[in-house]
Amino acid sequence: MEGQITKAFESTSIRTAWNEEEEEWYFSVVDVVGVLTESIDYQTARNYWKVLKARLKSEGFEPVTNCNQLKMKSADGKMRLTDVANTEQLLRIIQSVPSKKAEPFKMWLAQVGRERIENIAGNQKETSEKN
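The opening residue of the sequence shown carries number 1 in the UniProt record's numbering; numbering runs sequentially from there.
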């Protein structure tokens, strides 16, 4: 797993990690839920996710049952296990959260993906020019 990066969505931090091997982003689910629900603090977002996760698991919702955990830096500076989801899983979770921010967040996800693709393409171009 490549280094973790904090990305901003409407001035709110979303903890992310790039998996070089799988070539995909992983996003902190609690951070995303916090944005979508406009939670006032981390604990509120965490509780919302805990309840939603239990409900979705009981319904057999696959993205939740396949949710990974990564150590990510928390607000207190310590590395803690955090539920993370890739883009596909996250899009399915977003559908379960009633929010006016869902569509803008999906657009933000697309932008994050596009930036990574452009970065990879730029690196490949530099490599081929050197050879």
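We put the beta carbon where it would ideally sit given N, CA and C, even for glycine. In this text the structure is predicted, and so the values were computed from the model without any measurement.
Can you give me the start and stop residues for the alpha helix (DSSP H) that Lys-101 sits inside?
-> Premise fails: Lys-101 is in no alpha helix (DSSP H) and is neither H nor E.
Whole-angstrom C-beta distance between Val-84 and Tyr-42, which should lie under 8 Å = Contact between Tyr-42 and Val-84 is absent: CB atoms are separated by about 15 Å, not below the 8 Å threshold.
Report the three-state DSSP secondary structure of Glu-24 (helix, strand or coil).
-> Glu-24: strand per DSSP, three-state reduction.
Roughly how many angstroms separate the alpha carbons of Gln-89 and Tyr-48, rounded to a whole number?
-> Spanning the two alpha carbons is a distance of roughly 17 Å.
First and last residue of the beta strand (DSSP E) that includes Ser-13?
-> 12-19 is the extent of the beta strand (DSSP E) around Ser-13.
Would you kindly check if the distance between the Cβ of Thr-44 and the Cβ of Ser-99 is under 8 Å?
-> No, the Cβ-Cβ distance between Ser-99 and Thr-44 is not below 8 Å.
Taking Thr-82 and Arg-15 to be in contact with their CB atoms under 8 Å, please state how far apart those CB atoms are, rounded to whole angstroms.
-> That belief holds up - the Cβ atoms of Thr-82 and Arg-15 are roughly 7 Å apart, short of 8 Å.
For Ser-28 and Ser-39, the rounded distance between their alpha carbons | Straight across, the Cα-Cα distance linking Ser-39 with Ser-28 is about 15 Å.
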